[in-house]
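Below is one structure, written out as structure tokens; comments come after it.
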């Protein structure tokens, strides 16, 4: 097969396998076509005021400060004297968009929607705002527009400040919240003289929404334990008190206003959010006013078992916890609008001041609204399924559903309220499980298809490997099995599958998932004779034992890699094991794989890199002194190499290295000045910002000015990548990269000395261009040998180092978490996509360095690059299949999100390795030396 055909097929297969996880686990939960369901009882209030304090942690809100004072005294007084309180439990990802959707629309948004950003709605959804008569909102331009776009008509009115105000390094960011309250105050003042606006505000079903971003911004910039974070909580509390007083005065103290104060997510101690730490998922809920019960004194506030009540000095006031989606039906009930049609929230009746009968009636209406979603989803699945194969949700068949609803209504009518509430809660729980059942109805057969696709691709890849890179296939022109039986069987199977899918009117991607395994297994069985001959040859040549041992070592190593996704400390165990490579080789073969100095260097650097996975993740704390230390060490080591050990290189190369080391020095200085300025509340200096972007731009180009000899080009690449990496570092990342680079150097030297016992350095007479081509055809001069068992070790090392590069400084939670301090040298104003791109580039740098080192191994060992990557693909797909089986759709949402992230990372790794190989080819083989007059090669 031509290599480009194989690459295209490989990319297509992995894109399909990668995308499948979203079709199977992340299909949009929304269904349409339901009839709105009202609460069925009179609305206790005419208007609702919603305060969302972005990024507010429950503990920082409820607990006393170091002086023994309340951070929010006004709301504390509400809790103790006139309202209800509790904790709102959020789900991952703990970001602003999904948090606000859960609060206002009552459902947890799927990942495909979150990936679209903050301002776009991939799917239309109903919300409390949409059901209101009018909603006025003030706050961030990143949050407010999505609810206006999702609303029918133009009754959701937004008032947003400029995004330029969202400056994480700009000092006191409580100006964002002051802007909100000042503009709301001006709004009510103008309503006193504007008769049209005044009349609109007197209507029922009016909502006022205050999005308060200052606390979140201070948390990112100064951390939640800072004085700025605490002061912003106090500011929000005092401004809420003023706003409540203004609203009450405006409406003549008619006691028909309901108030809800909560947060979209919390924040870690190190100022990030996005994952599932308790500090990120526990947010405060305080509600008071019309329709809300008064405080209930109790001696059993600690019934939740978490000791929060005691820690917050609230053990005598009853606490009611809710899920974040439960807030939407609560708000709907308070102002008497229909429940949001896509809501899966459950009305928290313990917070209400209504009669027991009204509570039961409103809760039953909530159940009917969820049942409507269940009914629509069931009919959708039933319509596209062959009737004889349809498997209904047996716990909630139509007759049972109707009987249960009638029974609950009968209980309410007869005054058996407690029993009615219990039956309604059981009905809601059953309906939610039924809704989940039909949302995942196709998961079994789709999952089976994906597993067969994985196995088919790995088998076919192994077949290609044996055919093209062993002497078994050297006399064959094509890998085609002449037996036509295979063709007939697979064609017939494809036709049957296509007909069955067509009859059920399944989406196009289902055809792809089901037919892909047919194609891949057909390609494998075409080369069946090659596989049988390879097995016989291994037996005859007594290679089977060595092959099994090699495969066993790789399998054990890959299992350690898989477990390291859950326990990154295991990477340290793997590195310690790798440090014993020279001893194992000596024990097995009776000789050392390289010189004593190289073996010692290998073992020492393995143990050095093994330190980092044991350390806390790099995003938890800012330690800029470690960034400065790593930069200074790099500069000192670099100048030592330039002036002491490489006196024979041409002046142009020496000057280039001096320039790159100078840029590293500027990067260190920029990090120092930027961190001092932001800590001092002065924001990002313009000169530092310009320097950072300039260094980023030139660092990509400078390596192309160096010669393509192996050591010289790698040296230049490393120096260039180090500058932007330091600018994006906040703690020990620079030290980690230095250690990883040292390990990669000794890996190259070990591989080279294993082939050449003369003890030469890898820098001598080795050029990337000699082996840098990607043809690897049998006729190509770059193809010098067949596959060796040692190549499986090289491929495994590459996979292992890629995972070390990924998890050496972080874990899944740290990658999911949002911490803008990483990009402070480049920008502090909130631009999520630019910030995300910079964070991604930081993650990419160690990958690029490892990939370039792997290319160097290919050049040194003369191993066909394609054969190495075929081995890498098999290993990474082996891990991908593991993670596919480990994906969870039950348990905590942190567990579910983590297992999905693991699968996505491994599948992206497959695709990225192809892309990174192409990039590394350009970085190692391309040259711009022609720009330097009279010097084209060195």
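Residue numbers (the working numbering): 0 to 937.
Glycine included, C-beta positions come from ideal geometry on N, C-alpha and C.
None of these values were measured; they are calculated from a predicted model.
Just verifying my parser: in three-state terms, what is the DSSP assignment at residue i?
i, result
"residue 318", "strand"
"residue 258", "strand"
"residue 158", "strand"
"residue 729", "coil"
"residue 916", "helix"
"residue 180", "helix"
"residue 286", "strand"
"residue 765", "coil"
"residue 663", "helix"
"residue 451", "helix"
"residue 830", "coil"
"residue 225", "coil"
"residue 207", "strand"
"residue 925", "coil"
"residue 392", "coil"
"residue 202", "coil"
"residue 775", "Because the pLDDT at residue 775 is just 40, under 50, the model does not fix this residue reliably, and the point stays unresolved."
"residue 166", "strand"
"residue 296", "strand"
"residue 668", "helix"
"residue 428", "helix"
Would you tell me roughly how many angstroms separate the C-alpha atoms of residue i and residue j, rounded to the nearest one?
i, j, result
"residue 231", "residue 8", "55 Å"
"residue 349", "residue 671", "53 Å"
"residue 300", "residue 308", "6 Å"
"residue 476", "residue 5", "Because the pLDDT of residue 476 is 44, which lies under 50, any placement of that residue in the model is unreliable, and the question is left without a value."
"residue 383", "residue 504", "6 Å"
"residue 130", "residue 91", "27 Å"
"residue 404", "residue 363", "8 Å"
"residue 235", "residue 48", "14 Å"
"residue 254", "residue 328", "21 Å"
"residue 748", "residue 713", "13 Å"
"residue 840", "residue 71", "40 Å"
"residue 884", "residue 512", "17 Å"
Determine whether the beta carbon atoms of residue i and residue j lie at a separation below 8 Å.
i, j, result
"residue 798", "residue 886", "no"
"residue 938", "residue 213", "A question about residue 938 goes unanswered here, because the residues of the chain that appear run from 0 up to 937."
"residue 701", "residue 728", "no"
"residue 926", "residue 707", "yes"
"residue 156", "residue 135", "yes"
"residue 12", "residue 371", "no"
"residue 682", "residue 166", "yes"
"residue 875", "residue 905", "yes"
"residue 427", "residue 365", "yes"
"residue 626", "residue 742", "no"
"residue 78", "residue 285", "yes"
"residue 61", "residue 311", "yes"
"residue 452", "residue 500", "no"
"residue 752", "residue 793", "no"
"residue 866", "residue 468", "yes"
Give the DSSP bridge partners of residue i, in chain order.
i, result
"residue 78", "Bridge partners of residue 78: none, in fact."
"residue 84", "285, 318"
"residue 410", "The partner list for residue 410 (beta bridge, DSSP) is empty, contrary to what the question assumes."
"residue 48", "207, 258"
"residue 291", "351"
"residue 746", "DSSP output for residue 746 lists no bridge partner at all."
"residue 708", "766"
"residue 63", "69"
Grab the span of the alpha helix (DSSP H) containing residue i for me, first residue to last.
i, result
"residue 590", "Note, residue 590: premise wrong, no alpha helix (DSSP H); not H, not E."
"residue 641", "First-last for residue 641: undefined, no H or E at that position."
"residue 870", "864 to 885"
"residue 564", "Here residue 564 belongs to no alpha helix (DSSP H), and DSSP marks it neither H nor E."
"residue 129", "127 to 130"
"residue 98", "95 to 104"
"residue 55", "Residue 55 -> no alpha helix (DSSP H), and no H or E assigned at all."
The beta strand (DSSP E) with residue i in it runs from where to where?
i, result
"residue 689", "Careful: residue 689 lies outside any beta strand (DSSP E), inside the alpha helix (DSSP H) at 685 to 700."
"residue 133", "133 to 138"
Should residue i be flagged as near chain B, meaning a C-beta pair shorter than 8 Å?
i, result
"residue 598", "No chain B is present in this structure, which holds just one protein chain."
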